[in-house]
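See structure below.
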């Protein structure tokens, strides 16, 4: 049986999580990454200097970028077709989407179920000093540029692959059941 996971990550322009300025994703199908990409987003909000220091995205970088509704329109087909959406610290990324969906009144946004690789990694790699994404990339021995949305999503996908290989469970929902980690739901 084929399984597909969309690992996703966002970066924000300011402390308000609805100010998404970058969306990155990595599509994992049957254990292989078949696509990793990132789109800059015009958050239509001001940038904070602290956020710029974290991810390096400046207002001039997104001046002519599409707003979030256009970016999500490109992702809709994939969001609808994958078995599960994953994020590392999903409460932040999915919370950002929830606030942005409300901001733009995107009532056509599909209901999606999502999982969290932070929660899964705490169960499956209890001996690590922490479960931050850079620690997990180091554990997986993969190169990594932190706070680049595409890179963060790629490492999230690689972590899912490693957890599925480690447990022998290739269905992402079953992996959540096995670890007693609850799935979340994002809906308008």
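Numbering (the numbering used here), first residue to last: 695 to 882. Backbone N, C-alpha and C fix where the C-beta goes; we use that ideal spot for every residue, glycine too.
Counting C-beta neighbours from all protein chains within 10 Å, is the total for residue i 16 or more, i.e. buried, or is it exposed?
i, result
"residue 748", "exposed"
"residue 856", "buried"
"residue 868", "exposed"
"residue 866", "buried"
"residue 842", "buried"
"residue 885", "The chain is shown only over 695 to 882; residue 885 falls outside these bounds and no answer can be derived."
Can you check whether the CB of residue j is closer than 8 Å to the CB of residue i?
i, j, result
"residue 699", "residue 722", "yes"
"residue 717", "residue 736", "no"
"residue 794", "residue 773", "no"
"residue 751", "residue 705", "yes"
"residue 713", "residue 847", "no"
"residue 800", "residue 834", "no"
Compute the Euclidean distance between the alpha carbons of residue i and residue j, then round it to the nearest angstrom.
i, j, result
"residue 708", "residue 803", "23 Å"
"residue 880", "residue 858", "24 Å"
"residue 837", "residue 823", "19 Å"
"residue 768", "residue 818", "33 Å"
"residue 863", "residue 872", "9 Å"
"residue 860", "residue 776", "22 Å"
"residue 851", "residue 701", "5 Å"
"residue 816", "residue 771", "31 Å"
"residue 878", "residue 854", "16 Å"
"residue 876", "residue 731", "27 Å"
"residue 787", "residue 710", "12 Å"
"residue 727", "residue 840", "19 Å"
"residue 754", "residue 785", "29 Å"
Indicate the three-state DSSP secondary structure (helix, strand or coil) for residue i in the structure shown.
i, result
"residue 794", "helix"
"residue 726", "strand"
"residue 661", "Residue 661 is absent from the structure shown; the chain starts at 695 and stops at 882."
"residue 703", "strand"
"residue 876", "coil"
"residue 713", "coil"
"residue 776", "coil"
"residue 869", "helix"
"residue 828", "helix"
"residue 698", "strand"
"residue 731", "strand"
"residue 818", "helix"
"residue 769", "helix"
"residue 750", "coil"
"residue 800", "coil"
"residue 881", "coil"
"residue 639", "Absent from the model: residue 639. The displayed extent of the chain is 695 to 882, so no value can be given."
"residue 862", "coil"
Quiz item: Are the segment 826 to 837 and the segment 731 to 745 touching, with three or more C-beta to C-beta distances below 8 Å?
Solution: no
Quiz prompt | contact_flag[the segment 808 to 820, the segment 780 to 792] where n(CB pairs < 8 Å) is 3 or more | solution = yes
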